[in-house]
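Here the structure comes first, spelled out in structure tokens, and everything after it is commentary.
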């Protein structure tokens, strides 16, 4: 079966570009930040430099790694779900469920290994550049040598492997069960996982209160909390969305006509599948809101503490924003990736609608309304998760409850989230509409 | 069983479908395959016509071109006296949804919509007022009156195809195109579907064009058009199963020699 896995990757590399890209970017970011640990453990590193490097590795590296894990896992889940037809064919040619599982998981292993290997050089370059920035700012002694060692590599390999193999295994298990005609699975495992993520998120946020305001890694706990809360919300949001759509069905239909009607029905019926798209969206909004605002609050607090704003301080501030920005950009790319995969998979559904008399404009309208509903849901829960991280951080850091920050940054995040969601899904749907309706419906794979 | 709807036939042309010299070529210049080679035909309103031919004879291409799902390279198509001109897909869709109904072998129902929602979807998409009583009546007539809220995945193949028939009838189209409507059904369900199509014509006054390779299905039609290598190869009124099978078996005798080698590699199936 591994041979089959190998062949299916080789024969259709296009289908694996999305997963490969996610795993590659994830491995790069994980290894880049975790190599700070290796560097800190190198010879002739003074204590001060070692501390800063360890904090960077533990704080940004830590929550960055967690984000990578969930982002890669959700991208791969979307990918495996789309292979129903292939799995059905394999069953018909005599593959046992165990063989199918081995094939899909084997592919995931292959993709994880290849993407980690590809990520080695970019991660080294990125880590070296990061160290260089610290040294230019005088945060780390010039004498410190960059080390890319066991911690970076093991973190990169284990996170990529765990995320892709775990996601592939869970998704293929569901797919083979569904193909065998079992009743639709009740997502018990997912509900349990979502509940755990939610609890852990609340825990992470609460831990913030036990920390000292001068603790350098103060930002890590609420950031972890915000990520886990995002994951928890993403798990439960489809159910909430279904209830909400029950109430909103009429207004949406009145406002958006036939496309609105299709949207409401699609979203209600496919609510559970939407978690795959909502996860990266909520993660992006939650992460961006939490980390960017915490960085802002941190900068303000440093300013307020009376330390003169030197050139070095300014540089460090912008460097911090760059580091957080890398994580946020990663979340954004994963969002685009998932939306593209989820939308291009719907070619057949679009074909059916067109044959039932929908104009291409109506199909695009439906995708657009869906995008709006998704954006609104993602914004709501993402902001909730982000604020849940920001508030404790602000309370501990500044002793005030309401942070002294503007709303402009959030508006920017919301605009990026909405633009990415709408442009990606409508753009992908447009491409999908180029296939004639009849062949779109007939295409099996 | 069916009630003839008021208003049907008032503004209708006596000719439901007319094809003039329709040609469709697939493939590149060197290895072009003429799926349709100058086909001309005319079908009066209120008739039930079966289109038959061996695999690769161009019958599906004929149906898709006539229904505006595919564009011919040459020739003109009139539905209900109105010429189907090229233009955007949106324009074609609007043309289709006023005049054409579809029934596919694989049903093509929306999995997320219930039986009644699937039936009224074309009206909804066209922005037309939905007459729920009428939709209910049509579903009663096809025998699904007690399954209005079911989703397609809880229905049998025959029941799904009856939803598709109800969906095709609800817009009162000039022509209903059926592409192997019984291809995925058992004998009993297939007979029910064919009788419903017959009733749609005889009682409802619709025009039905059905592509099939099954002589039994074709025997339910008023007449059969035979297609071979993209050309019309015969015509039979009041077909019987045996006569259709006989003619089909000897289709190759008349055109086979002249067109040898042309039928290979048809990209569209048939």
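Protein chains in written order, with the UniProt record's numbering: chain A, 1 to 445; chain B, 1 to 270.
Think of the CB as a built atom: it goes at the ideal place given N, C-alpha and C, for glycine as much as any other residue.
Computed from a predicted structure; not experimentally measured.
Same chain only: Cβ atoms within 7 Å of residue i, ignoring 5 sequence neighbours per side
| i | result |
| --- | --- |
| residue 50 of chain A | 40 |
| residue 87 of chain A | 100, 175, 176, 179 |
| residue 291 of chain A | 223, 324, 327, 328 |
| residue 338 of chain A | 74, 75, 78, 276, 277, 280 |
| residue 155 of chain A | 30, 31, 34, 65 |
| residue 368 of chain A | 422, 426 |
Closer than 8 Å to chain A by CB, residue i
| i | result |
| --- | --- |
| residue 64 of chain B | yes |
| residue 78 of chain B | no |
| residue 124 of chain B | yes |
| residue 205 of chain B | no |
| residue 46 of chain B | no |
| residue 112 of chain B | yes |
| residue 86 of chain B | no |
| residue 232 of chain B | no |
Neighbourhood of residue i by C-beta, 6 Å cutoff - its chain only, sequence neighbours within 5 removed
| i | result |
| --- | --- |
| residue 126 of chain A | 32 |
| residue 60 of chain A | 33, 323 |
| residue 283 of chain A | 230, 331 |
| residue 78 of chain B | 18 |
| residue 182 of chain B | 190, 193, 217 |
| residue 166 of chain B | 119, 138, 139, 142 |
| residue 354 of chain A | 437 |
Distance between residue j and residue i (C-alpha atoms, nearest Å)
| i | j | result |
| --- | --- | --- |
| residue 175 of chain A | residue 276 of chain A | 15 Å |
| residue 179 of chain B | residue 109 of chain B | 15 Å |
| residue 114 of chain A | residue 240 of chain A | 38 Å |
| residue 402 of chain A | residue 391 of chain A | 7 Å |
| residue 271 of chain A | residue 317 of chain A | 41 Å |
| residue 173 of chain B | residue 136 of chain B | 18 Å |
| residue 234 of chain A | residue 435 of chain A | 32 Å |
| residue 208 of chain A | residue 236 of chain A | 25 Å |
| residue 239 of chain B | residue 220 of chain B | 8 Å |
| residue 169 of chain A | residue 376 of chain A | 31 Å |
| residue 249 of chain B | residue 224 of chain B | 14 Å |
| residue 206 of chain B | residue 245 of chain A | 39 Å |
| residue 342 of chain A | residue 320 of chain A | 33 Å |
| residue 112 of chain A | residue 95 of chain A | 24 Å |
| residue 257 of chain B | residue 159 of chain B | In this prediction, residue 257 of chain B has a pLDDT of 44, which is less than 50 and means its spatial position is unreliable; what the coordinates show is noted afterwards. If I take the Cα positions, the gap works out to 43 Å. |
| residue 378 of chain A | residue 70 of chain A | 16 Å |
| residue 425 of chain A | residue 413 of chain A | 18 Å |
| residue 81 of chain B | residue 12 of chain B | 8 Å |
Element boundaries [alpha helix (DSSP H), containing residue i]
| i | result |
| --- | --- |
| residue 132 of chain B | 132-141 |
| residue 423 of chain A | 408-432 |
| residue 87 of chain A | 84-92 |
| residue 56 of chain A | 47-81 |
Continuous beta strand (DSSP E) stretch holding residue i: start and end
| i | result |
| --- | --- |
| residue 382 of chain A | First-last for residue 382 of chain A: 360-398, but that is the alpha helix (DSSP H), not the beta strand (DSSP E). |
| residue 240 of chain A | No beta strand (DSSP E) contains residue 240 of chain A, which is instead part of the alpha helix (DSSP H) from 220-269. |
| residue 18 of chain B | 15-26 |
| residue 44 of chain B | 33-44 |
| residue 104 of chain B | 100-104 |
| residue 80 of chain B | No beta strand (DSSP E) contains residue 80 of chain B, which DSSP labels as neither H nor E. |
| residue 232 of chain B | 231-237 |
| residue 227 of chain B | 223-228 |
| residue 100 of chain A | Taken as a continuous stretch (DSSP letters only), residue 100 of chain A belongs to no beta strand (DSSP E), being part of the alpha helix (DSSP H) at 97-136. |
Within-8 Å CB hit, residue i to chain B
| i | result |
| --- | --- |
| residue 356 of chain A | yes |
| residue 263 of chain A | no |
| residue 435 of chain A | no |
| residue 360 of chain A | yes |
| residue 269 of chain A | yes |
| residue 438 of chain A | yes |
| residue 315 of chain A | no |
| residue 166 of chain A | no |
| residue 59 of chain A | no |
| residue 249 of chain A | no |
| residue 258 of chain A | yes |
| residue 396 of chain A | no |
| residue 266 of chain A | yes |
| residue 430 of chain A | no |
Neighbourhood of residue i by C-beta distance below 8 Å, restricted to the same chain and skipping five residues each side
| i | result |
| --- | --- |
| residue 245 of chain B | 215 |
| residue 129 of chain B | 123 |
Can at least three beta-carbon pairs, one atom from the segment 26-37 of chain B and one from the segment 210-217 of chain B, be found at a separation below 8 Å?
no
Okay, do the segment 291-308 of chain A and the segment 396-411 of chain A touch, 3+ Cβ pairs below 8 Å being the bar?
yes
How about the segment 144-153 of chain B and the segment 185-198 of chain B: do they share at least three Cβ pairs that are nearer than 8 Å?
no
Does the segment 325-342 of chain A come within contact of the segment 210-222 of chain A, defined as at least 3 CB pairs closer than 8 Å?
no
Taking beta-carbon pairs under 8 Å, can you tell me which members of the segment 90-103 of chain B lie near chain C?
The structure shown contains no chain C; its protein chains are A and B.
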